[in-house]
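Reviewing the structure listed below.
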Amino acid sequence: MKKAKKWFQMMTLGQTKKYIRILLWNLLDSFVVSIPSALMLLTIYCLLIPVSQPGTPLPINRIVIFCVILLLQFIGYNFLRRKTYIDFCVGFAGTIKNSRIRMGEHLRCLSMGFFSNRDAGDLSTVLLRDYSEIENLSQKFLPQVATILIRFALALVVLTAFDRRMMLSVFVVILLALPFVFMSYQKMSFISADLQRSQQEVSSGILEYVGGIQTLKAFHMAGEHFETLKNSLNSQRKAAIGLETGAAAPVSMLGRFILNCGIALVMLTGGLFLTKGTLSPFYYIAFLVLTLTIYDPVLVLFTFIADFSRTTRSGQRIEDLFAEKPLPEPHISQKPERMDIVFDHVKFAYGEKQVLHDLCLHFPENSVTALVGPSGSGKSTVTRLVARFWDVTGGEVRLGGIPVKNMKTDDLLSHISMVFQDVYLFHDTIEGNIRMGKPEATQEEIISAAKAAACHDFIMSLPNGYLTVVGEGGSTLSGGEKQRISIARAMLKDAPIILLDEATASLDPKNEVLIQQAISALVEEKTVIVIAHRLQSICNADNIIVLEGGCVTEQGTHEYLLSGDGMYSRLWKEQGQAERWQIQ
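Per the numbering used here, the very first residue in the sequence shown carries number 13; after that it's consecutive.
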């Protein structure tokens, strides 16, 4: 019973009370739709009276009453059907919509570690295909079950009242079919798992192929890589065919065969009792009609077994995603009065890989602090921990003396503007992408930020100017253009803390000078953390911190670090040699 309750809650996305109310309306709908069958039986009974009792007049009055009831049923059913249709198509669609919104809010609260370990194709499969599976089953399977239950209940009462022997002959074949159905369901569960894995691989493959098509073409790998995607499509096709031919079709055929045997059994049993005179002709006809009424929805139920198995797995995947633990949020968000940042003995690991080791840092308010060091030293991780993309595994990160975990995520991020090396623009207008920094910004403010970020001129050269729609991820723009738009977005936000991760990496020398001037204006009277590989761009930083292997090896001003013989001095000399390099 507990398993059934849990399954029903999963299939209704937690809206059990709402769905039960919908099912009750559907039960009433099933009862009303069964009235014509009952009236037909009563009409047959009335027509058989003169046959069984010669000389008795045909009860026309009763037949007229049945016709009036049928007319009333038709009128009432139209209103009832409209109600149930709206409830299922609109009411449960609202449930699906609300659950998807809750899922979006839930995903927004998860750490970045979750997304780095989860395949994008897997998430898209859950949000699109799995929810569609739940919606389809809830609008088909559960109403069908409700219809079968009401017909079973009515048939059980009516048939038992007519003749218990015939009632047993009707229901015994259904009982015989149930073990085969359960066996087939178990088989379908395994096949459904293979199908869903194949569907996930196809979704991931398509996203990867489309996203990397430029690289694939550049290395003449588009055709070879497409073979991998084609193999995934073939695997999905085989799994889908296996589900239908290996389990779904046999169940349907077996169910149809057993039920046909049931019809034959009812005919033979009724015929035997009829010849012996222990069953009236009317009851015999009634059992034949009711048998078809009972068996038809049962046969439809058999065909839903494959959907039932597949959708159960979809519901489980949705539940598993909701079970992922988000970053804990405080009930009351503390507000910092200053904007200095402190790393107090911070430790952090990506899974088993330790990245930061007992890190102690201080980023003073209204200062520029640069992070330098080799790749993998933990520079980007530091900026992500400031924005609380992850929680530290040891120690504490504080903003204005307040632990960042004591601030609500939205409140924390409202103090931070970020310009990262990997820029992502949404499939929206350029104006919409810049406006993300300040949704209520005026057109003049957007243009002013774009001019400051040296991207106004190239925006105006586009066919629709600021209303030009960029491709997903900003695919229709160059790397430098995307980065300038992201800088304009950060400028528009005008947050007191600025995180810059190689903000000028994709710019040509001319625009780099303009952007550096714009960034200099942006960071005035702000707390700035800048990651840079080109050391010339951070010579004027108030403090330069050198990271290596997740530890601080040295820090100070540019002049102080050059006077020593540490990593910073070596990096400075190596970059000087690299700038003088020429192709021989």
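Just so it is clear, CB atoms sit at the ideal spot from N, CA and C, and this is done for glycine as well.
DSSP places Phe360 in the strand class (E or B) of the three-state scheme.
For the pair Val44 and Val182, the Cα-to-Cα distance works out to about 23 Å. Looking from the CA of Leu559, the closest CA among Ser549, Asn552, His545, Cys551 belongs to His545. Rounded to whole angstroms, the separation of the alpha carbons of Leu51 and Met178 is 21 Å. In the three-state scheme derived from DSSP, where H, G and I count as helix and E and B as strand, Lys365 is classed as strand.
The Cβ atoms of Phe91 and Gln151 lie no closer than 8 Å to each other. Checking the DSSP bridge columns, you'll see Phe355 partnered with Leu373, Val409.
With contacts defined by Cβ atoms closer than 8 Å, Lys359 and Val404 form a contacting pair. Look at Asn418 here: in three-state DSSP terms it is helix. Under the criterion of beta carbons closer than 8 Å, Val542 and Gln495 do not qualify as touching, at roughly 14 Å.
In its chain, beyond the 5 residues on either side, Tyr580, Ser581, Trp584 have a beta carbon closer than 8 Å to the beta carbon of Leu574. Using a Cβ distance threshold of 8 Å, Gln346 and Met419 count as a contacting pair.
When DSSP states are grouped into helix, strand and coil, Met430 belongs to the strand group. For Gln455, the enclosing alpha helix (DSSP H) starts and ends at 455 to 464. In the DSSP assignment, Gly568 falls outside any alpha helix (DSSP H) and lies within the beta strand (DSSP E) extending over 563 to 568.
Ile344 carries a coil assignment under DSSP once its states are collapsed to helix, strand and coil. Here Ala553 really is in contact with Val380; their C-beta atoms are around 5 Å apart, less than 8 Å.
Residues of the same chain with a CB within less than 6 Å of the CB of Glu408, apart from the 5 flanking positions on each side, are Asp356, Pro415 in chain order. A distance below 8 Å separates the beta carbons of Gly412 and Glu349. The three-state reading of DSSP puts Ala500 in helix, counting H, G and I together. Within the same chain, and ignoring the five residues on either side of Ser389 in sequence, the residues whose Cβ sits closer than 8 Å to its Cβ are Leu559, Glu560, Gly561, Gly562. It is roughly 10 Å from the alpha-carbon of Lys450 to the alpha-carbon of Ser426.
In the structure shown, Ala173 falls within a helical segment according to DSSP collapsed to helix, strand and coil.
Separation of the CB atoms of Leu139 and Arg112 is rounded to 7 Å, and the pair is thereby assigned contact status at 8 Å. DSSP lists Ile543 as the bridge partner or partners of Asp513. Secondary-structure assignment with DSSP links Ala382 through a beta bridge to Val542, Ile556. For Phe86, the uninterrupted alpha helix (DSSP H) segment begins and ends at 72 to 98.
Considering only Ile186, Thr569, Glu341, Ile306, the residue with the shortest C-alpha distance to Val384 is Thr569.
Straight through space, the alpha carbons of Ala466 and Ala500 are spaced by roughly 8 Å. In the three-state DSSP reduction, Val481 falls in the strand class (E or B).
Per DSSP, Phe401 is not a residue of any alpha helix (DSSP H), being assigned neither H nor E.
Sixteen is the threshold: since fewer than 16 other Cβ atoms of the shown chains lie within 10 Å of the Cβ of Arg33, the residue is exposed. Using a Cβ distance threshold of 8 Å, Leu313 and Gln156 count as a contacting pair. For Leu40, the enclosing alpha helix (DSSP H) covers residues 28 to 45.
Sorting Leu25, Val564, Ile270, Thr137 by C-alpha distance to the C-alpha of Pro386 places Val564 at the top. Of the candidates Gly125, Cys58, Ser42, Glu117, the residue whose Cα lies closest to the Cα of Gly363 is Gly125.
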